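So for the sequence shown, my numbering puts the first residue at 5; every next one is plus one.
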Amino acid sequence: MACNVTASLGVARAPVATAAATRAAAPSFAGAKVSLTSVASRAGAPVAAAPLRAVRGARAAARRSSTRVMAAAGGMNCLIVNTKGGGHAFIGLYLARALMAKGHKVTLMNDGDEAKLSSKGCYAQYPALAGEGATVCWGNPTDPSTYPAGDFDVVYDNNGKDIDTCKPLIDTYKGKVQHYVFVSSAGMLKASDVTPNLTEDDPRNEKAHYFVEEYLKDEGLPYTVMRPHYIYGEHTVKDCEQWFMDRILRDRPVPIPAPGTQLTSISHVEDVAEMLALVPGCEAAKGEIFQLCGDKAITFDGLVQCIAEAAGKTPKIVHYDHAAAGLAKGEGIPFRTGHFFSSNGKAHVKLGFKGKHTFSGDVKDRIASYIASGRLDKDVDFSADDKIIANA
């Protein structure tokens, strides 16, 4: 059964308390204040006459749903431990907002040096996030003495990439939380040219995230594992669509690994956050792994064509043999060069997830954001491109 309580059961949310009342009632931590948002549920419509078995099934479903509604109505206390860099960095910001929109209380602890990071990308949005009601602080995920005080119902680990990094957080909250959510990576799965559509049960590379997933199982935590693919959207600190725009908006050729029809999953960060935010109170999510991606995959050539069309440009694609190009690490397209895509069907069924974004629907907004950032006026190093194109 899907656990999308708000969508399926019509949960209504009461207005946020006044600013004065919120300040008086909310505890402060690291300069941030928490605003408490209550959620009230509307009474359901009467059950129509039906065969006895159907009625019993409906009543049982109603009892299960009622439990989830009460959890949402009271709100859960959620801790997000967020990474200091990489493609997952802005998940914490959007997840915090998605959880608060569902009536949950949020504390976000970010790894890293606040002085060095606080002016960059998603981290620069933290003062606004605190003003919206979250508690924001900085700490070291490997040092429990830096964790925020208090008890939490749900912990999200959006930081760890190996067991040494993740174990202190897991051990600290083992037996103390209702749900533990680990943001893993779809990149841990072994690619296959025969069956390229990655699934939750595909063989994994036995390194890094693999050992964290296994530890969660072995320790008996009420865990859920989410494996994101590539993520795009505002406030990222790692290139995704920007790499393509660097070239297309400057009327430069775009070097694409041949044949260009490789499928990849890219997802808007709001959809990623929404899927993660559906976990609290969802018993069906416990002990499960989900591929965290958008509803549709897109080809490399399709990305170029989509951006070019939205920008009013003529795409210039140069296909090349990536294996023979002699590129250094980090040079070339910022994606894996083969197929890298999944289905999110399991999340639709078990979580009630419904994605709102498509890249084609978002591309004009992403171009506008790129231009507004001033990046089009900055110098970009195209030396790797020139090397590729010269030998293509």
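Ideal Cβ positions, reconstructed from N, Cα and C, are used throughout, including at glycine.
The structure displayed is predicted, hence computed values, not measured ones.
### Query
Quick one: what does DSSP say T303 is sitting in, helix, strand or coil?
Three-state DSSP puts T303 in a strand.
### Query
For L282, does the three-state DSSP call read helix, strand or coil?
Coil at L282, not helix or strand.
### Query
Taking all protein chains shown into account, do 16 or more other C-beta atoms lie within 10 angstroms of the C-beta of R254, making it buried, or fewer, making it exposed?
Taking all protein chains shown into account, R254 has fewer than 16 neighbouring C-beta atoms within 10 Å of its C-beta and is therefore exposed.
### Message
On the DSSP letters alone, give me the boundaries of the beta strand (DSSP E) that D385 sits inside.
### Response
For D385, there is no enclosing beta strand (DSSP E), as DSSP marks it with neither H nor E.
### Query
At what residues does the alpha helix (DSSP H) containing Y127 begin and finish?
No alpha helix (DSSP H) holds Y127; DSSP gives it neither H nor E.
### Query
Are V216 and I260 closer than 7 Å when you measure CB to CB?
No. Outside cutoff.
#### Entry: Proximity below 7 Å, CB of K300 to CB of G91
The answer is no: Cβ separation not under 7 Å.
### Query
Relative to the C-alpha of P319, which residue among H326, Q309, A327, A328 is closest?
Looking only at H326, Q309, A327, A328, the smallest Cα-Cα distance to P319 is reached by Q309.
### Cα-Cα separation, D155 to L112
One C-alpha to the other measures close to 14 Å.
### Task
Reducing DSSP to helix, strand and coil, say where N395 ends up.
For N395, the secondary structure class from DSSP, reduced to helix, strand or coil, is helix.
### Task
Mind the definition here: the region 128-140 touches the region 95-102 only if three or more C-beta pairs lie below 8 Å; say whether that holds.
At 8 Å Cβ cutoff, the stretches touch.
### Query
Could you give the residue range of the beta strand (DSSP E) that holds K358?
In the DSSP annotation of this structure, K358 is not part of any beta strand (DSSP E), being labelled neither H nor E.
### Per-residue DSSP class, three states only, for P172
Here P172 sits in helix by DSSP.
### Query
Is V273 near P232, with beta carbons less than 7 Å apart?
No, they are not a contact pair.
### Beta-bridge partners of L296, as assigned by DSSP
The partner list for L296 (beta bridge, DSSP) reads P232.
### Task
Taking 7 Å as the cut-off, decide whether the C-beta atoms of D161 and V110 are in contact.
Between D161 and V110, the gap from beta carbon to beta carbon reaches 7 Å or more.
### Extent of the continuous alpha helix (DSSP H) to which Y324 belongs
Not the alpha helix (DSSP H): Y324 falls in the beta strand (DSSP E), residues 321-324.
### Residue of T150, G179, K178, T228 minimising C-alpha distance to V187
Checked all of T150, G179, K178, T228; the closest Cα to V187 is T228.
### Query
Where does V102 land, buried or exposed, given buried means 16+ other C-beta within 10 angstroms?
Going by the sequence as given, residue 102 is Ala instead of Val. Taking a 10 Å sphere around the C-beta of A102, we find 16 or more other C-beta atoms and assign the residue as buried.
### Y184 in three-state terms, based on DSSP
Three-state result, Y184: strand.
#### Entry: N- and C-terminal bounds of the beta strand (DSSP E) containing S271
Where S271 is concerned, the enclosing beta strand (DSSP E) stretches over 267-272.
### Query
How is G179 classed by DSSP in three states: helix, strand or coil?
Note: G179 maps to coil in three-state DSSP.
### Query
Would the region 141-158 and the region 169-176 be scored as touching if the rule is three or more Cβ pairs under 8 Å?
Yes, the region 141-158 touches the region 169-176.
### Task
For my contact list, G298 and I270 are in at a C-beta cut-off of 8 Å; report their separation, rounded to the angstrom.
Contact between G298 and I270 holds: CB atoms are separated by about 7 Å, below the 8 Å threshold.
### Query
Where H323 and Q295 are concerned, what is the direct C-alpha to C-alpha distance, given to the nearest angstrom?
In this structure, the straight-line span from the alpha carbon of H323 to that of Q295 is close to 29 Å.
### Query
Whole-angstrom Cβ separation of H108 and G137, contact assumed at under 8 Å?
Not quite, the Cβ-Cβ distance comes to about 10 Å (not below 8 Å), so this is no contact.
### Distance, I311 Cα to G378 Cα
Rounded to the nearest angstrom, the two C-alpha atoms are 18 Å apart.
### Message
Taking the alpha-carbon of G237 as reference, which of A388, D385, G365, L83 has the nearest alpha-carbon?
### Response
Of A388, D385, G365, L83, the residue nearest in Cα terms is G365.
### Task
Would you mind stating whether G264 and F304 have Cβ atoms separated by less than 7 Å?
Against a cut-off of 7 Å, the Cβ pair of F304 and G264 comes out as a contact.
### Query
So, are the CB atoms of E218 and K178 less than 7 Å apart?
The answer is no: Cβ separation not under 7 Å.
### Task
With distances taken Cα to Cα, identify the nearest neighbour of S123 among A332, T240, P152, K360.
Shortest Cα-Cα distance from S123 to any of A332, T240, P152, K360 involves T240.
### Task
Kindly indicate which three-state DSSP category M104 falls into: helix, strand or coil?
Correct three-state label for M104: helix.
### Query
Among T362, T139, Q266, which residue has its Cα nearest to the Cα of F339?
Selected option, being the one with the closest Cα: Q266.
### Message
Once DSSP output is grouped into helix, strand and coil, what is the label at M249?
### Response
Shown here, M249 sits in a helix according to DSSP, grouped into three states.
### Query
Based on the DSSP output, what are the partners of C244 in its beta bridges?
DSSP lists no partner for C244.
### Rounded C-alpha distance that separates H213 from N163
Straight-line spacing of the CA atoms in H213 and N163 works out to 11 Å.
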